[in-house]
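Mind the numbering: the sequence shown is residues 1 to 535 in the numbering used here, read in order.
Below: one structure, written as C-alpha cells.
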Amino acid sequence: MALLSVLETIPLSALAVALALLFALYKHIVHPVFFSPLAGIPNAHWSAPLSRLWILNHRRCRRDTFAVHKAHQDYGPIVRLAPNEVSVNSVDGGLRVIYAGGFEKGDWYSNVFSNYGVKPMFAMEEHAAHSRRKRMVSNIYAKSTVQGSPSMQRIANILLDDRFIPVLKVLAASDQPVEFYTVFGAITTDFTSAYVFGLQNSTNYVQQPEMGVKFFGDFKARQQYQFWPQELPRFTGFLQYIGLLHWIVPSWVGPANQDLENWVIEMSDKSEATVRLDGSLQEDHPEDWPTVYAQLRSAFLKEAETKEGRDVSVEKVVADHRLAIASELLDHTLAGFDTSSITLTFLAWELSLLHNAQWQERLHEELKGLQPGWDAKEIDALPVLHAALMETLRLHAAIPGNQPRITPAGASLGPPEHTIKGVPANVRVQAQAWSLHRNAEVFHDPETWNPGRWLDSSAAELKEMQRWFWAFGSGGRMCVGSNLAMVNMKAIIAAIWGTFKTSVAADDGMVHNGGYVAEPIGKNGHCLLLTLESR
C-alpha cells in the first residue's frame, strides 16, 4: 500500500520515462549479458554483449580477421563478437551447419556487391534464387569443362606464349626489379575476361601495363570504403539523403564504381555482338568466343522460352536481361582477377625467399618435363605445383575474412563439446578461412609455408586437411569459379618458373590486409619487387 501511495504521487510522465529506462536497461544490458541464448558464448571482448563498436572498429580499420582469430585462440571455437554476432571456427557445428546447412545470406552482400542496381548470384540473399542462377553457369565452370575447353586452351596459348612470356623476357633483360603484384593483376584479368567475354573483347593488360596499373589502383582504392554501406547501411543512406555522404566516403568513389560498371558493360555488349554476328567463331577461333557470356545468355533465353513459348523475341529477352548479365559477369571478372592475383603474389613471394629455394628448384625440375601447349590436365597433375598452390591458398587465402550468414530459429552452433543450442533467428554468424587454416591439430606448424604437408601426409591426414581447407568456401554457395581460377593460376605458375628464376629484391610490403580481402598492404608504392632471371 505504501508503494502504491508513493507511485500515486509521481507524475505519469515521469513514471513512463522510468519504465522506458528500465525496459531499455533490461533489453540492452541485462538480457544480452545474462539471459540471451548467446550469453553462454565466450565474449571476444568485454563489450561484445553490449555493443557492436568493438568489432565495427576492427572492420573499419580492416583488421577484424586478426582480431577474431586472436579471440578464437584465447576463448575457443565459438566466440561472441557483438550482441547479435557469433564466430565459429570448426567444421562440425560450424561449416557443416552454417554453409552446408543452407543458412541464408543477409543484405551484407547485396549492399556492396550489387552492380547496375542488380544482384549477381554472389549477392543473392535467398538460397532458391542463388541456386537458379548457379544452374545457369555451373556447367561452364566445371573442372572437366574448363580443362577440356578449346577456348581455354587457345587463350592459354596466346596469352602465355605470345604475350606474357615475351613481356617477362624483356623485363628480365632489363636487370630491374619487377613489381609482381601488378604483373599478376594484369595476366589474371586478361585470363578471366578472355574466358568470360572472348579474347577479342577482353583486356590486354599484359601488353598495356599502364592501363592495368590505373585499373588496379582505382579498383583497390575504393574497397576500403565498402565498410560503410556494408556494415552501417542505414547510417550511410541517411548521410547520402542529406547530402553529407562525403564525410565518410570520398566523392571519387561513386565515379570509380561507375567506371567499373562501364568497363564491363562495354565488354558485355561487344560479346553480344560477337554471338549475333559470327556463330562459326566458336569452332574457327574458339579463343574469341565469349564462353561464359554466351552460356548465361542462352540460359536466360531458355528460361524465357519455358515461360513464354518458343516464339519469344531474342532481342527483347537479351535487352531485358542486359544488366542482369552484366552484373553477374562483372562479379565473376572482378572476383576472378582479384583473388588470383593476391594468391599468386604470395606464392611468388614464398618461392622467391632464400629459405624456400629448394621448393623453387623442385618446381622448376618438375616443369622441365612439361610438354609444350599448356595442357590443363597435364599441368593439373603436377604434384609439386599443386602442393605449392594449395599451401599458398591455405596460409595466404585471398579471402580469409568473415563470410556472414543469418541463423534460422532454433539453430545449434559449435562443435560437440562447445555446442550452443536454441540460437534465435536472425543472428549473424560467420566462419573465416584464416582461422580454419591455422588449426594446429590439423596443419602442423600452421604459420609455416610448407608444401610438403600436401605431398608427404598420410591419406587420413590429407583427408582431414581437405576437410578444413576453405579457400573457396563450401556448400551450395562455394566459389563457382574455383576451377577456372585453379587452371589459370597453375598455367601462370608453370609459365613463370618453367622459364625463369626469381629472387626477392624488396618485400617490405608483403603484409596481409586484415579485412575481408587479404591483399598485401604495400610500402612506398610497392608490394613485391622480384629479380627475374631467364634460365
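Built from N, CA and C at the ideal position, the CB exists for glycine as well.
CB of residue i within 8 angstroms of CB of residue j, strictly
i, j, result
"His437", "Ala494", "no"
"His127", "Gly373", "no"
"Asn201", "Pro290", "yes"
"Leu347", "Ala388", "yes"
"Asn402", "Gln358", "no"
"Trp247", "Leu239", "yes"
"Gly515", "Arg59", "yes"
"Leu528", "Met510", "yes"
"Thr333", "Val480", "no"
"Leu385", "Leu353", "no"
"Ile399", "Lys490", "no"
"Tyr99", "Gly525", "no"
"Thr392", "Glu366", "no"
"Trp468", "Val504", "no"
"Val318", "Glu261", "no"
"Leu199", "Ile165", "no"
"Ile155", "Phe191", "yes"
"Thr339", "Phe103", "no"
"Phe500", "Glu461", "no"
Helix, strand or coil at residue i [DSSP, three-state]
i, result
"His130", "helix"
"Glu533", "strand"
"Ile406", "strand"
"Asn84", "coil"
"His285", "coil"
"Glu179", "strand"
"Ile78", "strand"
"Glu272", "helix"
"Glu104", "strand"
"Ala381", "coil"
"His512", "strand"
"Asn43", "strand"
"His321", "coil"
"Pro233", "helix"
"Met124", "coil"
"His396", "coil"
"His69", "helix"
"Glu366", "helix"
"Glu361", "helix"
"Ala471", "coil"
"Ile10", "coil"
Residues sharing a beta bridge with residue i, DSSP
i, result
"Phe500", "Ser534"
"Leu584", "The structure shown has nothing for residue 584, since the chain only spans 1 to 535."
"Lys523", "His526"
"Gln432", "Asn402"
"Ala506", "Leu529"
"Asn115", "Val118"
Beta-carbon separation (whole angstroms), residue i vs residue j, contact threshold 8 angstroms
i, j, result
"Leu296", "Met136", "6 angstroms"
"His512", "Ala518", "4 angstroms"
"Leu344", "Phe184", "4 angstroms"
"Gly101", "Glu125", "Rounded, the Cβ-Cβ distance is 16 angstroms, inconsistent with contact."
For this session: Spell out a yes or no on whether the region 201-217 and the region 227-237 are touching, meaning 3 or more CB-CB pairs, one atom from each, closer than 8 angstroms.
Result: Taking a cut-off of 8 angstroms on C-beta distances, the region 201-217 does not touch the region 227-237, as fewer than three cross pairs fall below it.
Problem set entry | Three or more C-beta pairs below 8 angstroms linking the region 111-125 and the region 326-338 | Taking one beta carbon from each stretch, the region 111-125 and the region 326-338 have 3 or more pairs nearer than 8 angstroms; the two touch.
Exercise. So does the region 413-422 actually touch the region 91-107, counting three or more Cβ pairs closer than 8 angstroms?
Worked result: At 8 angstroms Cβ cutoff, the stretches touch.
Problem set entry | Stretch-stretch touch, CB-based, cutoff 8 angstroms, three pairs: the region 352-370 with the region 137-155 | The region 352-370, when compared against the region 137-155, does not touch it at the 8 angstroms Cβ threshold.
Exercise. So does the region 249-269 actually touch the region 178-185, counting three or more Cβ pairs closer than 8 angstroms?
Worked result: Flag = no, the region 249-269 and the region 178-185 do not touch.
Exercise. Touch check for the region 420-430 and the region 442-457: three-plus C-beta pairs under 8 angstroms?
Worked result: Contact between the region 420-430 and the region 442-457 is absent, because fewer than three Cβ pairs lie under 8 angstroms.
Exercise. Would you call the region 64-77 and the region 35-48 in contact, with 3 or more CB pairs under 8 angstroms?
Worked result: Because the criterion of three Cβ pairs below 8 angstroms is met, the region 64-77 and the region 35-48 touch.
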